[in-house]
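Read in order, the letters of the sequence shown correspond to residues 176 to 283 in the numbering used here.
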Amino acid sequence: MKVVKYYTSKMGILSAEEITQKIIDSNEGINAIFTISSADTLGAAQLIVDRNMVGKITLVGYGISEEITRYIEKEIIYGTVASDPYNMGYESIKALVEIKEGKIFRPL
176 MKVVKYYTSK
186 MGILSAEEIT
196 QKIIDSNEGI
206 NAIFTISSAD
216 TLGAAQLIVD
226 RNMVGKITLV
236 GYGISEEITR
246 YIEKEIIYGT
256 VASDPYNMGY
266 ESIKALVEIK
276 EGKIFRPL
């Protein structure tokens, strides 16, 4: 994989659609897009469908929702990175308790 360009969206579906449009129109042979928010994922997916680019551009997104899951099932989105806030918080507190009890880290 070679990172050709990166863009920052204004955190919305329409902004992601505009950026995806620029990527497609760039004629740089870009065949994959990675997004870092669920709104960007949905915007990019919608534009890929609208421009009939399904199968020509691989989209890896972020977040999980019913709509994103449907796009994955229809093979419009290749996959997604999804977080688990509950488990992340649980493991963080567990680690802090273990540090305090001296089980993980002992200061010099």
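C-beta atoms are modelled at their ideal positions from N, C-alpha and C, and glycine is treated no differently.
Simplified DSSP state of residue i, which is helix, strand or coil
i: residue 244; result: helix
i: residue 208; result: strand
i: residue 183; result: coil
i: residue 198; result: helix
i: residue 250; result: coil
i: residue 203; result: coil
Within 8 Å, strictly: CB atoms of residue i and residue j
i: residue 223; j: residue 205; result: no
i: residue 134; j: residue 268; result: Past the boundaries of the shown model lies residue 134; the chain is included only from 176 to 283, so the question cannot be answered.
i: residue 216; j: residue 236; result: yes
Boundaries of the alpha helix (DSSP H) in which residue i is found, first to last residue
i: residue 272; result: 260 to 275
i: residue 223; result: 213 to 225
For residue i, the first and last residue of its enclosing beta strand (DSSP E)
i: residue 235; result: 233 to 237
i: residue 229; result: No beta strand (DSSP E) holds residue 229; DSSP gives it neither H nor E.
i: residue 256; result: 254 to 256
Pick from the options that is closest to residue i, judged by C-alpha positions
i: residue 218; options: 178, 200 and 246; result: 246
i: residue 233; options: 242, 195 and 239; result: 195
i: residue 214; options: 248, 271, 228 and 190; result: 190
i: residue 210; options: 183, 240 and 273; result: 183
i: residue 220; options: 278, 260 and 244; result: 244
i: residue 178; options: 248, 261 and 198; result: 198
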